[in-house]
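J.: Per UniProt numbering, residue 110 is the first one in the sequence shown, and the count goes up by one each step.
Beta carbons are placed, not taken as given, at the ideal position from N, Cα and C, and that holds for glycine.
Source: prediction; values computed, not measured.
I am attaching a structure below and will ask some questions about it afterwards.
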Amino acid sequence: KSGLSRSREQLSEGVARLVLGKKEIDDELLEDLETILLQSDVGVPATRSIMQAVTEKVRRKELSDPAALQQAIRQSLLDLLQPRCEPWSPKPGQTQVLMMVGINGAGKTTTIGKLAARWKREGFGVLLAAGDTFRAAAVEQLQGWGTRVQVPVIAQGSGADSASVIFDAFAAARSRGADLLIADTAGRLHTQGHLMEELKKVKRVLGKQDPGAPQQIWLVLDAGTGQNALQQAQQFHAAVGLTGICITKLDGTAKGGVVAAIAQALPIPIRFIGVGEGVEDLRPFDAEAFVDALFA
Ligand code: GDP
């Protein structure tokens, strides 16, 4: 079970229905194909580039059998996603910082819990910083994950200054010789501008302790928010400079094509995908496995 069944129904089963009984690839078929891609939230630019590749193959007579259309789309998607595939894991013996950003509800806390569990299981020393001091239950929620996956959480009372919580947590992580500090951050402040300023401040303050920190800044995006996710990504990227993206809730949506839209729009590695609420439901992003799951 891949967790991508709804997206698969939308995309590959949609294409399969489209070509059923068709003898040739004509303009009408290509238009219907375009519609399916857009409905899967592949987005206009990525749809355009996939359609260009497919149309070019048809024009050069490399593709004429409608039944081969699936394979052509699969290949175009793979070409788009492969460059975004760049696995990352902590380095033993240095205390690195992974700062996690994203708007409330995207799945940031859950993804932090899943990542902590994964890397702890792999033998890394992991510490969490409860840097979302704005949302009422955020600190308790992170502490809940800490208890569940048995990873220490450094926290202060809610209302504390986010940058100072994370600064202190980094000092604690260094003195304990942890390999990785994962810092939770706010997902909403009074305004979007305030939020971006706070995130920049967290980054700046970490850099004072270690010019290389934070080594990673990952944005968590909810796949279900579709094209909205793109705008968020652009905004966060402009503010803090992202080094990775995690896309959550791919199990709950038929719009998994948004992964292609994100890959097309932003030259940022897609690190992990979330396919459920459980601690095991996080996968390192693997373009081939992803496309295979969509076209299984
Ligand atoms: P935050 O506000 O960004 O920290 O979001 P949370 O981590 O609290 O997640 C919001 C909701 O989304 C929770 O109910 C999570 O269980 C759920 N969630 C997070 N990731 C996934 C996922 O990959 N799949 C599903 N189905 N639910 C998820």
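Give a single yes or no on whether residue 386 has its beta carbon closer than 7 Å to a heavy atom of the ligand GDP.
T.: Residue numbering aside, residue 386 sits at position 277 when the sequence shown is read from its first letter. The answer is yes for residue 386.
J.: If you draw a straight line from the C-alpha of residue 208 to the C-alpha of residue 400, how long is it?
T.: For the purposes of this step, residue 208 is taken as residue 99 along the sequence shown, with counting starting at 1. For the purposes of this step, residue 400 is taken as residue 291 along the sequence shown, with counting starting at 1. If I take the Cα positions, the gap works out to 28 Å.
J.: Pick from 316, 157 and 133: whose alpha carbon is nearest that of residue 144?
T.: As a first step, residue 144 must be located in the sequence shown, where it is residue number 35. Checking every option, the nearest Cα to that of residue 144 belongs to 157.
J.: Take residue 328 as the anchor and find which of 355, 319 and 286 has the nearest alpha-carbon.
T.: Counting from one through the sequence shown, the residue named residue 328 turns up at place 219. Taking only the C-alpha atoms, the option nearest residue 328 is 355.
J.: With DSSP as the reference, identify every bridge partner of residue 353, one or two as the case may be.
T.: Counting from 1 along the sequence shown, the entry for residue 353 is found at position 244. Answer is 327.
J.: Counting pairs of beta carbons, one from the segment 245-264 and one from the segment 211-224, are three or more of them closer than 8 Å?
T.: Contact between the segment 245-264 and the segment 211-224 is present, because at least three Cβ pairs lie under 8 Å.
J.: Any heavy atom of the ligand GDP closer than 7 Å to the CB of residue 205?
T.: For the purposes of this step, residue 205 is taken as the residue at position 96 of the sequence shown. Residue 205: no, Cβ never under 7 Å from the ligand GDP.
J.: Less than 8 Å between the beta carbons of residue 296 and residue 226, yes or no?
T.: Taking the first residue of the sequence shown as 1, we reach residue 296 at position 187. Taking the first residue of the sequence shown as 1, we reach residue 226 at position 117. The answer is no: Cβ separation not under 8 Å.
J.: Identify whether residue 371 lies in helix, strand or coil by the three-state DSSP scheme.
T.: Stepping through the sequence shown from its first residue, residue 371 is reached at position 262. Correct three-state label for residue 371: helix.
J.: Pick out whichever of 334, 330, 142 and 346 has its Cα sitting closest to the Cα of residue 309.
T.: On the sequence shown, residue 309 is found 200 positions in, with the first residue counted as 1. Closest by alpha carbon: 346.
J.: Give me, in chain order, the residues of the same chain whose beta-carbon lies closer than 6 Å to that of residue 366; leave out the 5 immediate sequence neighbours on both sides.
T.: Residue mapping note: residue 366 aligns to position 257 of the sequence shown, counting from 1. Only 149, 150 and 151 meet the Cβ criterion.
J.: Let me make sure I understand the geometry here. Which of 112, 325 and 166 has the alpha-carbon closest to that of residue 134?
T.: To locate residue 134, count along the sequence shown from 1; it is residue 25. Residue 134 has its Cα closest to that of 166, out of 112, 325 and 166.
J.: If contact is defined by three or more beta carbon pairs under 8 Å, each pair taking one atom from either stretch, is the segment 380-396 in contact with the segment 160-178?
T.: No, the segment 160-178 is not in contact with the segment 380-396.
J.: Out of 155, 160, 174 and 136, which one is the CA nearest neighbour of residue 125?
T.: Numbered from its first residue, the sequence shown carries residue 125 at position 16. When each option's Cα is compared against that of residue 125, the closest is 174.
J.: Spatial neighbours of residue 193 within its chain, please: CB distance less than 6 Å, with the 5 preceding and 5 following residues excluded, ordered by chain position.
T.: The residue given as residue 193 occupies position 84 in the sequence shown. Closer than 6 Å at the Cβ level, and outside the excluded window around residue 193, lie 372, 378 and 379.
J.: Which one of 342, 287 and 279 has the shortest CA to CA distance from residue 323?
T.: Sequence index remark: in the sequence shown, residue 323 carries index 214 (1-based). It is 279.
J.: With residue 199 and residue 288 assumed to form a contact (beta carbons below 8 Å), what rounded beta-carbon distance in angstroms separates them?
T.: Numbered from 1 along the sequence shown, position 90 holds the residue referred to as residue 199. Numbered from 1 along the sequence shown, position 179 holds the residue referred to as residue 288. Residue 199 to residue 288, Cβ: 5 Å. Contact.
J.: Exposed or buried, residue 113, counting other C-beta atoms within 10 Å across all chains shown (16 or more means buried)?
T.: Here the question's residue 113 lines up with position 4 in the sequence shown. It counts as buried.
J.: With distance defined between alpha-carbon atoms, name the residue in 256, 362 and 211 nearest to residue 335.
T.: Taking the sequence shown and counting its residues from 1, one reaches residue 335 at position 226. It is 362 whose Cα lies nearest to the Cα of residue 335.
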